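Have a look at the structure below, then the notes.
There are 6 protein chains.
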Amino acid sequence: MMRTSFLIFFVLSLILSSSYAAVQDFCVADYTAPQGPAGYSCKNPANVTVDDFVYSALGVPGNTSNMIKTGITTAFSSQFPGLNGLGVALARADLAVGGVVPMHTHHGASEIVLIIEGTITAGFISSDNKVYLKTLKKGDIMVFPQGLLHFQVNVGDTPALEFVSFSSDSPGLQILHTALFQNNLPTDLITRSTFLDTAEIKRLKALLGGTN
Amino acid sequence: MMRTSFLIFFVLSLILSSSYAAVQDFCVADYTAPQGPAGYSCKNPANVTVDDFVYSALGVPGNTSNMIKTGITTAFSSQFPGLNGLGVALARADLAVGGVVPMHTHHGASEIVLIIEGTITAGFISSDNKVYLKTLKKGDIMVFPQGLLHFQVNVGDTPALEFVSFSSDSPGLQILHTALFQNNLPTDLITRSTFLDTAEIKRLKALLGGTN
Amino acid sequence: MMRTSFLIFFVLSLILSSSYAAVQDFCVADYTAPQGPAGYSCKNPANVTVDDFVYSALGVPGNTSNMIKTGITTAFSSQFPGLNGLGVALARADLAVGGVVPMHTHHGASEIVLIIEGTITAGFISSDNKVYLKTLKKGDIMVFPQGLLHFQVNVGDTPALEFVSFSSDSPGLQILHTALFQNNLPTDLITRSTFLDTAEIKRLKALLGGTN
Amino acid sequence: MMRTSFLIFFVLSLILSSSYAAVQDFCVADYTAPQGPAGYSCKNPANVTVDDFVYSALGVPGNTSNMIKTGITTAFSSQFPGLNGLGVALARADLAVGGVVPMHTHHGASEIVLIIEGTITAGFISSDNKVYLKTLKKGDIMVFPQGLLHFQVNVGDTPALEFVSFSSDSPGLQILHTALFQNNLPTDLITRSTFLDTAEIKRLKALLGGTN
Amino acid sequence: MMRTSFLIFFVLSLILSSSYAAVQDFCVADYTAPQGPAGYSCKNPANVTVDDFVYSALGVPGNTSNMIKTGITTAFSSQFPGLNGLGVALARADLAVGGVVPMHTHHGASEIVLIIEGTITAGFISSDNKVYLKTLKKGDIMVFPQGLLHFQVNVGDTPALEFVSFSSDSPGLQILHTALFQNNLPTDLITRSTFLDTAEIKRLKALLGGTN
Amino acid sequence: MMRTSFLIFFVLSLILSSSYAAVQDFCVADYTAPQGPAGYSCKNPANVTVDDFVYSALGVPGNTSNMIKTGITTAFSSQFPGLNGLGVALARADLAVGGVVPMHTHHGASEIVLIIEGTITAGFISSDNKVYLKTLKKGDIMVFPQGLLHFQVNVGDTPALEFVSFSSDSPGLQILHTALFQNNLPTDLITRSTFLDTAEIKRLKALLGGTN
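Residue numbers (UniProt numbering), protein chains in the order written: chain U, 1 to 212; chain P, 1 to 212; chain X, 1 to 212; chain E, 1 to 212; chain F, 1 to 212; chain R, 1 to 212.
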């Protein structure tokens, strides 16, 4: 008798679960289908495996042999399909001695930085031009409210490592010096809209590969 | 008989309407009560009048006798109480000949600029440092996606007027040159996080009233 | 040496930017791909140009030779692809002398009206049947909270022009008299659900092209 | 030994739970504190009981001795404190023979109607003036998309009962005939904005208690 | 003359309505096109009929011949296409004498239960392990805040019927005993993560068809 | 002359900035004022300092001398005022050898776990009772979609450390065994709603301090 009711229940469960398994729990990114304002299309749930929810690239130190002496590795929904639509993302920054995460913003995302190793001076600037600046040590966290300019500098004499959490799975990233100087925005318009002088703009355009 | 049923209906309506009039339709800002993450507290609906929903300051040209030759007047929920919680705001910019709305961002809001008079070159920069630049004439509109750096310059030989619509009633506003140079952010940290040279930073700090 | 680190950085930037350029900044509407509840699918970012973000139809006065003596031109995401997903839209209304923007609602969007020329009486009605009515002059703005019935009438003796901002890129628009009388909703059901009398309903159905 | 670790765990649990019990689970309405755009302030969790989450008024048939021959009873966050901030609400409508839920909108909420007893013709009208009309019997449900005009009529020869679910805990309710005729909106403005004729407006104002 | 202006208006209306009819009002699910994080793709509005907004399966009592003596029938967006994107859903539960809606959660949705027939003991548990328990009779409603464990038991001596409303059109459903015991989650991991003993886990795995 | 225009600009900036500094950038929690559904009231911005945005408690290893051999330290908006309203939070878990983060859910938040030290088996269960299980090593991350049951076990022979990021600043936390057994939920109701047997429930109630 127990077997009969179990069988009925089991079949019932199968029917129930198959009918609403699709959209409810997750929407793993299918990078080959159309995107919309809310994110990527969903991979067929039948083809989803645990590996869609696991990502290992943040385990590898970033290359710091560059102008900013910092390697940045992101786990956003554009690289890590399981994050799609879930509203959270992660990144890793390795800062060599003297390394910097340059002045930047994330449109549409707040951020928490967590110091794993080293000593880092971090800051953000509010709409009324006030500076919130702090030197952080191992285990400290600091939050940068959505969309405000912020930066970090390794001020210690050892390499530093930090992990960064975002309130979006697709937080955007606009780095100030590349946004201004690594493209063809005319020097005259930069001068007029930022009050930087022409010589300085030309120097940075040359350094960063900008034209005009 | 009609009178009786009308009376019953009228009383019923009074009871119904009084019971849910409060939060549903609007939440006019009460600037004297606590604020929360979603906006200002609501004024008692009994004290709300049509004047809470009307604002006249955008009818007055802004003063352009300043460094940017532009007057900006905002109608955000912090000035215009009826907007509170409604997710839309407006501003007006008067640009004298040569005037500029400097490079800036709005965190958490997209923006549409509408040209009423004059000829304006407007642009925004995307995350991958690409420039979207256009010279706009009367009646043109241009949209700046949320959180990206953008600016406008009056490139004509007459004054220009534009109105700006936002996808938030509290869109924030971070102006690049005042954010960087009109405060006490140490010159050394600016240099390291933006690659601007020290002399240029000191020149702009002097111009804008920054220290350190 | 600087050249080497610059090259490394430049390549690094290319890799980084290409990897997350897609969804983050904007989602220009691709009208040929499937839509979802959050809006249109995104055009391939590689094919996006500045012209996707600029729209000129609001620069042309609307035709007022019609029953409402008013021309309405919209810049919603269904016409202006750059707006898709950005949560803001614009429209223009030209009201001839005696023109009217008829009683209507926008489901899911609040609205700010801005008077550019003329004298306009505007009003909205709240859930408890209270009327908020004001005569607006050039430069005044008025906000209509989400979903409430509202209207505008040109009460001056010159043409009027207004621009309207919405808290959605797809604000919807339900005009009362066409919703009730420009279709096949049976007269009997209209009578019972609105208390309008049969003769009046039939007159308006005849005027507006309704049947039944 | 088990006792010791249990005690430690128990104390730890107390500390943990007391530290984040407040905002996370629910926000029962405190009708005496300020409201904000997202809803009522939260009652102190220490004073919350199960009775804040239970509501019995929907168990009582509404009075149908009125002009619409229908009694409507709501369980919105303004009456049922446990709903505050939870994004769902309920209402009950008792329709006598010939009763009607008049043409109305809910700003900011979609609605599902569920027929418990009787035969009801329900309909909604879309932005392009198309009518979606259906006669529903016991057990049928119909959804009315957010903000669109809709109504129900008891077309059977027995009383009808329906329950209505909303996608908001504060769904608003604008009833067309009381919005237009049960206030002081001048007849001339109603005529111009709705195309209804003056005599009909005056008749309905007289019926419903409107002035002007 | 009226005819001319009417014709112009009629044509204008057609043009206007056709240009924005698509996304604004609703997004009926097209189960054959890609899904995204916000829901299913939209069916072409030209093919939408009133039947997409009506659903009759909740009118049929669920089969209670199973282990839980309860039949559950859902009207979520995965079965009822008109709900897609509208943020509300419904379900029906028929509980035989002794029937139970087992301990479960809905991720991302709050729920209101409405008792139509019978006597039901319902409860939920908050984050600080507090129990909110109530015996409900016909007409009572109870709300279960988002994501918390809850259950219902028919404690009367007659069958019970309830309808359940959700604050999402895709509310998810995780039933505790099937989540733990109706799959291949290793017994050892269940023991360690729940403190249930091995024999009890094995008994329930056998009962429910779990392995490992 | 430059001085004059600078002064004018400086005064203008002061006026502008003071007028909208309040709500836009952040809403640091004021734990003494009323809360609402969207979070805590905001501290007066004039009293906000950088220390409101920095938190150091995650730098201290948690105490693992307890039943779960794991110490959990949270940085939610209820402890870390700068997070309020920002939609992201962090926690730290120290797992001794054999330690476990027990089976639990977060209502209204997805989660990313990041392994800093050790070897951890982590898993979650979907609505259709499927298990997603993986053994993670240093540097791996895994995402648990919103509201689903999940757990972690230190399966290595050294202590483990992980940091956890959430898509909410107030993610909630319902631990299965304390929710079921550390309160006065009657044993009979637990049996009926979970299918656990009475003896096992009584054993766990005794272990965890539950009654009834």
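Glycine included, every Cβ here is placed at the ideal spot set by N, Cα and C.
Keep in mind the model is a prediction, meaning the values are calculated, not measured.
Query	Result
Inspect the beta-carbon positions of X:Ile116 and P:Leu90 and report whether they are closer than 8 Å.	no
Checking the sheet assignment: what are the DSSP bridge partners for X:Lys134?	X:Ala122
Of the residues E:Glu162, E:Asp188, E:Ala38, E:Gly156, which one's Cα is nearest the Cα of E:Leu58?	E:Glu162
How long is the line joining the alpha carbons of X:Thr73 and X:Gly118, rounded to whole angstroms?	18 Å
Could you work out which residues of chain F lie near X:Pro37, taking near to mean beta carbons separated by less than 7 Å?	Cys27, Ala38, Gly39, Asn84, Gly85
Below 8 Å on the Cβ atoms is my contact criterion, and I expect X:Glu200 with E:Asp169 to pass it. Report the Cβ-Cβ distance as a whole number of Å.	About 38 Å; that fails the 8 Å criterion.
So, under 8 Å CB-CB, R:Val97 and R:Pro159 are touching, yes? Tell me the CB distance rounded to an integer number of Å.	6 Å
For the putative contact between residue 216 of chain P and P:Asn212, defined by C-beta atoms under 8 Å, what is the C-beta separation to the nearest angstrom?	Since the displayed chain P opens at 1 and closes at 212, residue 216 of chain P lies outside it and no answer follows.
Does the contact criterion of 3 or more C-beta pairs under 8 Å hold for the region 127-142 of chain R versus the region 202-209 of chain R?	no
So if DSSP puts P:Ser165 in a beta bridge, which residue, or which two residues, is it bridged to?	P:Leu90, P:Ile112
Using a 10 Å radius around the Cβ and a threshold of 16 neighbouring Cβ atoms, would you call F:Asn84 buried or exposed?	buried
Please tell me whether U:Ser165 and U:Val100 are closer than 8 Å, where the distance is taken between their beta carbons.	no
Could you tell me the alpha carbon to alpha carbon distance between U:Gly123 and P:Ser78, rounded to whole angstroms?	26 Å
Check the Cβ of R:Lys138 against every Cβ in chain U and list those closer than 8 Å, keeping chain order.	Gly59
Between the Cα of X:Ile68 and the Cα atoms of X:Thr32, X:Leu95, X:His107, which residue gives the shortest distance?	X:Leu95
Give the range of the alpha helix (DSSP H) segment to which U:Ser188 is assigned.	For the sequence presented, residue 188 of chain U should be read as Asp rather than Ser. Run containing U:Asp188: 187-194, per the alpha helix (DSSP H) assignment.
According to the neighbour-count rule (16 or more other Cβ atoms, all chains shown, within 10 Å of its Cβ), is F:Gly210 buried or exposed?	buried
By the criterion of Cβ-Cβ separation under 8 Å, what are the contact partners of X:Ile190 in chain P?	Those within 8 Å of X:Ile190 in chain P number zero; the least Cβ separation is about 20 Å.
Whose Cβ in chain X lies nearer than 7 Å to the Cβ of F:Gln24?	Ser170, Gly172
CB F:Gly108 to CB F:Gln146, shorter than 8 Å?	yes
Where does R:Gln24 sit, in a helix, a strand or coil, going by DSSP?	helix
So is R:Ala29 buried or exposed if we call it buried at 16+ other beta carbons inside 10 Å?	buried
Is E:Ala33 close to chain R, meaning its C-beta is less than 8 Å from at least one C-beta of that chain?	yes
Go ahead and label R:Thr32 buried or exposed: buried means 16 or more other beta carbons lie within 10 angstroms of its beta carbon, across all protein chains shown.	exposed
If you measure from the beta carbon of X:Val143 to each beta carbon in chain P, is any gap under 8 Å?	yes
List, in order along the chain, the chain E residues whose C-beta lies closer than 8 Å to that of X:Gln182?	Asn129
Between E:Phe53 and chain F, is any beta-carbon pair separated by less than 8 Å?	yes
Name the chain R residues whose beta carbon is nearer than 7 Å to that of U:Ala75?	Ile141
May I ask which residues mark the beginning and end of the beta strand (DSSP E) holding U:Phe80?	Neither: U:Phe80 is in no beta strand (DSSP E) and is coded neither H nor E.
Which first and last residues belong to the alpha helix (DSSP H) in which U:Ile201 is found?	198-208
Shorter than 8 Å from the beta carbon of F:Ser110 to some beta carbon of chain E?	yes
At a Cβ threshold of 8 Å, is E:Lys205 touching chain F?	no
Specify the secondary structure class of F:Val50 as computed by DSSP and reduced to three states.	helix
In chain order, what residues of the same chain lie with their CB nearer than 8 Å to the CB of P:Gly39, ignoring the 5 residues before and after it?	Cys27, Ala29, Ser77, Asn84, Gly85, Asp169, Ser170
Between E:Val143 and U:Tyr55, what straight-line distance do the alpha-carbon atoms span, to the nearest angstrom?	41 Å
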